[in-house]
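Novice: With this note's numbering as the guide, the letters of the sequence shown map in order to residues 6 to 373.
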Amino acid sequence: MGRARKLPLGATLVDAKGGYISPGFVDIHVHGGDGADFMDGTVAAVRTACRAHARHGTTTIFPTTTTGSPVQLAAMLAACGEVKRHGAVADGARIAGVHFYGPYFAPDKVGCHSQAGRRDPDAREYRRHFATGIIRIATCAAELPGAEAFYREATGHGCLVTCGHSNATWAEMARAFRAGMRHVDHFWCAMSSVASLRQRFGTPMQASMEQFVLANPEMSTEVIADGCHLSPELLEFAYRQLGPRRLCLVTDANRALDMPPGRYRFGCAADGEWIESDGRVGFVPGGGALASSVVGLDAMVRHMKTVTTASLPEVIRMASLTPAERAGVANEVGSLAPGKRADVLVLNQRLRVKRVFLGGEEVSLAAD
Ligand SMILES: [Zn+2]
Ligand SMILES: [Zn+2]
């Protein structure tokens with residue numbers, strides 16, 4: 006703001022002390038933090054995870070389901086709904102909606118999630134979940150029976166419709182696209198490739214989810230830029246090929262964020278799969294396969310800025326306006342503009358989060 010601009014009466018002056026002001030981050034794919042997983046299905050767990058992510062600069066959050074029983078999913082949706090209605094600054098990152106992610110994964114792409122909690126889309130089940138009104142992002146593997154009906158239902162509810170944990174072909178993606186699918190979860194992780202489809206169908210080799218996203222300007226995707234999931238050249242490739250308007254930064258963080266290294270449950274505390282955190286990333290014990298991240302969106306922003314040629318405004322866009330646009334909340338959040346919520350970060354020159362404002366009110370950054 007120029008010095009000559011007149012401040013409204015009673016305005017608060019905030020000194021960024023030579024750092025940056027940034028729109029609050031928007032995380033469309035996140036499972037938990039500070040010991041809590043959204044799938045724990047309690048108000049206390051939802052609040053704990055939202056507060057943890059606020060300390061990392063996330064002001065708008067889409068708590069993300071994983072595989073689990075219909076009862077566990079219903080409890081998660083109810084707990085998120087209760088915190089969303091409450092809407093207090095002390096609750097941390099504001100819930101804009103839920104990302105309904107598991108349980109409709111392909112059996113061969115379940116990854117670190119509980120195989121027992123995976124199933125094919127069941128209209129009687131998901132209609133009940135959509136009826137809560139809180140789901141804003143909806144994932145299903147495109148090759149599953151019933152996927153198209155799921156996509157159409159999700160599109161009807163105004164969701165960003167996404168394909169993930171999938172071994173889909175180009176043809177399956179094209180069908181999904183006609184049913185409203187426009188996004189792919191964590192690019193290169195738990196998704197098809199030319200090589201994985203060769204195992205499924207032999208030759209001639211087929212185009213995969215990767216080619217479908219890169220070739221289709223209406224498709225967006227997201228990367229886990231924690232330095233452990235994807236190499237710098239893959240992050241640079243994604244940025245150059247997709248550009249900052251089609252690529253989102255997400256944490257995909259699990260409950261081990263801000264927790265000491267050790268063993269943790271991915272998903273519900275009662276029966277989620279065991280994963281391990283070394284403090285840098287989550288992985289499957291013994292096997293070495295990765296099991297989502299344990300760092301905040303601020304760390305993703307710093308890493309993306311360090312290892313790619315994306316400019317700072319572009320990197321910030323990928324963590325704020327782009328996910329807000331894709332999830333349909335850009336009229337409210339995602340950039341610093343008159344009329345939007347005053348979700349503002351003060352970052353220092355090294356892009357560390359110094360202050361966080363939610364709707365103009367400062368959030369305490371002290372750990373719980
Ligand atoms: Zn995943
Ligand atoms: Zn995930």
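Where is the CB? At the ideal position from N, CA and C, for every residue including glycine.
#1: Please identify the residue among N172, F182, A59 whose C-alpha is closest to the C-alpha of V166.
#2: Secondary structure at P150, three-state DSSP: helix, strand or coil?
#3: Quick one: Cα of A143 to Cα of V76, how far?
#4: Determine the extent of the beta strand (DSSP E) in which F135 is found, giving its start and end residues.
#5: Let me know the alpha helix (DSSP H) ranges lying completely inside the stretch 304 to 352, each 4 residues or longer, listed in chain order.
#6: Identify every run of the alpha helix (DSSP H) within the stretch 18 to 72, keeping only runs that are complete inside it and at least 4 residues long; order them along the chain.
#7: Would you list the one or two residues that DSSP bridges to C85?
#8: Does the beta-carbon distance from A50 to A59 come in below 8 Å?
#9: Assuming A173 contacts A147 under a Cβ cut-off of 8 Å, what Cβ separation, rounded to an integer in Å, is found between them?
#10: Measuring from the CB of D190, is there a heavy atom of ligand 1 at a distance below 7 Å?
#11: Since T65 contacts R99 with CB under 8 Å, what's their CB separation in whole angstroms?
#12: Do three or more CB pairs link the stretch 272 to 290 to the stretch 303 to 316 at distances below 8 Å?
#13: Taking 7 Å as the cut-off, is the beta-carbon of G23 closer than that to any non-hydrogen atom of ligand 1?
#14: With distances taken from CA atoms, which of L18, G15, V19, P28 is nearest L350?
#15: Would you mind working out which of A152, A195, W193 sits nearest R180, comparing C-alpha positions?
#16: In the DSSP assignment, the alpha helix (DSSP H) including Y269 goes from what residue to what residue?
#17: Between which two residues does the alpha helix (DSSP H) containing A179 stretch?
#18: For P222, collect the residues of the same chain with a Cβ closer than 8 Å to its Cβ; drop the 5 residues on either side in sequence, then sort them by chain order.
#19: For the structure I just gave you, are there three or more beta carbon pairs, one from the stretch 342 to 361 and one from the stretch 113 to 122, closer than 8 Å?
Specialist: Put simply:
#1: F182
#2: Coil at P150, not helix or strand.
#3: 18 Å
#4: Segment 128 to 136 is the alpha helix (DSSP H) holding F135; no beta strand (DSSP E) there.
#5: 317 to 323, 326 to 331
#6: 48 to 59
#7: None, per the DSSP bridge assignment.
#8: no
#9: 4 Å
#10: With a cut-off of 7 Å, the C-beta of D190 is classified as near ligand 1, since at least one heavy atom of the ligand falls inside that distance.
#11: Taking a contact as a CB-CB distance under 8 Å, the pair T65 and R99 counts as one, their CB atoms being some 6 Å apart.
#12: Contact fails: fewer than three Cβ-Cβ distances are below 8 Å.
#13: no
#14: That would be P28, whose Cα lies nearest to the Cα of L350.
#15: A152
#16: Where Y269 is concerned, there is no enclosing alpha helix (DSSP H), although the beta strand (DSSP E) it sits in stretches over 267 to 271.
#17: 175 to 183
#18: R251
#19: At 8 Å Cβ cutoff, the stretches do not touch.
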